[in-house]
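2 protein chains.
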Amino acid sequence: MIVTTNRERLLLAARELFLEQGYDASVDAIIGRAGLARQTFYNHFQNKESLFAEAVRCCVTDIIAPLSVHPDNLRGSLLNFAQVYRQRALSPEGIAIYRILISQAQRFPDLIRELSGLGDGQMTGSLANFLRHAMDAGELGQADPVFAAETLLAMLIGQERNQRLLGVERQAVRDESLLLEQVVDGFLRMFAPEQNVGLQSAPVNLKRRVSR
Amino acid sequence: MIVTTNRERLLLAARELFLEQGYDASVDAIIGRAGLARQTFYNHFQNKESLFAEAVRCCVTDIIAPLSVHPDNLRGSLLNFAQVYRQRALSPEGIAIYRILISQAQRFPDLIRELSGLGDGQMTGSLANFLRHAMDAGELGQADPVFAAETLLAMLIGQERNQRLLGVERQAVRDESLLLEQVVDGFLRMFAPEQNVGLQSAPVNLKRRVSR
DNA sequence: CCATAGATAGACTACCCAGTCTATTTCCGT
DNA sequence: ACGGAAATAGACTGGGTAGTCTATCTATGG
Chain H
790 MIVTTNRERL LLAARELFLE QGYDASVDAI IGRAGLARQT FYNHFQNKES LFAEAVRCCV
850 TDIIAPLSVH PDNLRGSLLN FAQVYRQRAL SPEGIAIYRI LISQAQRFPD LIRELSGLGD
910 GQMTGSLANF LRHAMDAGEL GQADPVFAAE TLLAMLIGQE RNQRLLGVER QAVRDESLLL
970 EQVVDGFLRM FAPEQNVGLQ SAPVNLKRRV SR
Chain X
790 MIVTTNRERL LLAARELFLE QGYDASVDAI IGRAGLARQT FYNHFQNKES LFAEAVRCCV
850 TDIIAPLSVH PDNLRGSLLN FAQVYRQRAL SPEGIAIYRI LISQAQRFPD LIRELSGLGD
910 GQMTGSLANF LRHAMDAGEL GQADPVFAAE TLLAMLIGQE RNQRLLGVER QAVRDESLLL
970 EQVVDGFLRM FAPEQNVGLQ SAPVNLKRRV SR
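Top to bottom, those sequences are chains H and X. FYI, in the working numbering the residues of the first sequence are 790 to 1001. FYI, in the working numbering the residues of the second sequence are 790 to 1001.
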């Protein structure tokens, strides 16, 4: 990213500092890192809050670059999607943004509402759309596509993201692609065509299938 | 909870205010809600940080009351476990604690380390233990029990917790017990005995099972 | 060359907060 | 009833921050 204007300089510094230190990063620190004067900042932004909103918007839209799923091969498409999603959601940047959004959710409810369609929301949406087509094509059992999408996303990053949000070190996954295959194959087994999972009544013939 | 001593009064007020406002809740506000004097607070606690640590410890240990799984009936046990886990993890209190832990993770790394075995950690542990027995008994396919446990927990609360952490309103689940059955039955299908999921190499015969 | 717009340094206000100190009061056990 | 421990109100210090204001400087375009 080539920074040219002072406004961009301020935004860049703000992004860095907010992601590092949260909203507590002071205006002094931000203008310090940007190498600009106090008044210059107030020439470009109304106040700290609006700078924060703008910086967060930039971060989120950066991470949520378009991610489409094209339905040539179900398993392959899901593996692709899974890989990109994990990479983004678990990246240090992705974690930091998530952390700061969570910690400032009360202070900036409007901003959260504005961005809630992005992030996981967008991921869920496009994935659910893709899954609906697979269900209609008989490649997956009939189920609520949104439920299916949320389930897959949760399985993909579930506990790992939560631990990273808390700063808990976790040994790197030995074999990322093996993990992806396990999750995707498990998901396919869960929503296999012969099953009917979801909106309708639960599958009666399965109820005691595995219990002793 | 019957409050008797001033120390308990302070802890109670601190819990309420920290959960509402995060660590930014001021000492003044806390002693105000407790109805006590400034110096009284500093007679009982070294400083704000130690009060915070103590209050958070109380909250967490309250929520993490023992939760055992007894292996009479696999599906029934999992349904039980799932119900309690969802109820706790998604309760307003559970969400608030999680939010404040995440937002203060950098400031209190030691506290996080101390508590990391609790919460989801403890849930994962006991569930993994239970699943290992089921696997050894042939009721589930061989897999990494921790992976299986984390997967189930993630499916149970995945996106819902994340949205609540952000303060996003979400329509209540229409039929909680139906949802639990869907998830648990899906989990059982995913880790069914005939499958071998996990540590070992991925099941080759499944690789293209669902793709077209 | 000058005028204007933007940038700069830094003082300054007004506020908030954590933690200390003091002098007084309350309460309880002996 | 008395003495000591704990509680209280409130002043006070020291530090930090957001935002304003002023006076100076710089650079660009006419």
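Where a beta carbon is used, it is the ideal one built from N, C-alpha and C, also for glycine.
Can you name the residues of chain H whose CB is closer than 7 Å to the CB of residue 898 (chain X)? Neighbours of residue 898 (chain X) on chain H, chain order: 956.
Residue 936 (chain X) versus residue 980 (chain H) - alpha carbon distance: 19 Å
May I ask whether a heavy atom of the ligand GTP can be found less than 6 Å away from the beta carbon of residue 830 (chain X)? With respect to the ligand GTP, the structure offers nothing, as it holds no ligand at all.
Round the Cβ separation of residue 884 (chain H) and residue 955 (chain H) to the nearest angstrom and send it over; I've been treating them as touching at under 8 Å. Contact doesn't hold; Cβ gap of about 10 Å is too wide.
What are the residues of the segment 942–976 of chain H that lie near chain X, defined by any Cβ-Cβ distance shorter than 9 Å? So the close ones are 942, 943, 944, 945, 946, 947, 948, 949, 950, 951, 952, 954, 955, 956, 957, 967, 968, 970, 971, 972, 974, 975 and 976.
Helix, strand or coil, according to DSSP, for residue 881 (chain H) in the structure here? helix
If contact means a Cβ-Cβ distance below 7 Å, which residues of the segment 877–901 of chain X contact chain H? 888, 890, 891, 892, 894, 895, 898 and 901
Three-state secondary structure (DSSP) at residue 898 (chain X)? helix
Identify whether residue 891 (chain X) lies in helix, strand or coil by the three-state DSSP scheme. helix
Proximity below 7 Å, CB of residue 911 (chain X) to CB of residue 943 (chain H): no
Leaving out the 5 sequence neighbours to the left and right, which residues in its chain are closer than 8 Å to residue 795 (chain H) when beta-carbon positions are compared? 823, 825, 829 and 833
Taking only three categories from DSSP, how would you classify residue 795 (chain X)? helix
Backbone CA spacing between residue 974 (chain X) and residue 886 (chain H) [nearest angstrom]: 34 Å
Report the residues of the segment 919–943 of chain X with a CB closer than 7 Å to any CB of chain H, ordered along the chain. 928, 939, 940, 942 and 943
List the residues of chain X whose Cβ lies closer than 7 Å to the Cβ of residue 875 (chain H), in chain order. None at all; the shortest Cβ gap to chain X is about 13 Å.
Residue burial classification, residue 913 (chain X) (beta-carbon count within 10 angstroms, cutoff 16): buried
Output yes if chain X places a C-beta closer than 7 Å to the C-beta of residue 979 (chain H); else output no. yes
Whole-Å CB distance - residue 916 (chain X) paired with residue 853 (chain X), under 8 Å assumed: Wrong, their Cβ atoms sit about 13 Å apart, outside the cutoff.
Does residue 995 (chain H) have its Cβ less than 7 Å from a Cβ in chain X? Caution applies to residue 995 (chain H), whose pLDDT of 38 falls short of 50 and renders its modelled position unreliable; the value that the coordinates give is listed next. Yes - at least one Cβ of chain X is within 7 Å of the one on residue 995 (chain H).
Is any beta-carbon of chain X found at less than 7 Å from that of residue 815 (chain H)? no
Check whether residue 814 (chain X) and residue 807 (chain X) have beta carbons under 7 Å apart: With respect to residue 807 (chain X), residue 814 (chain X) sits close: the two C-beta atoms are nearer than 7 Å.
At a CB-CB cut-off below 9 Å, which residues of chain X make contact with residue 913 (chain H)? In chain order: 948.
Are the beta-carbon atoms of residue 969 (chain H) and residue 878 (chain H) separated by less than 7 Å? No, they are not a contact pair.
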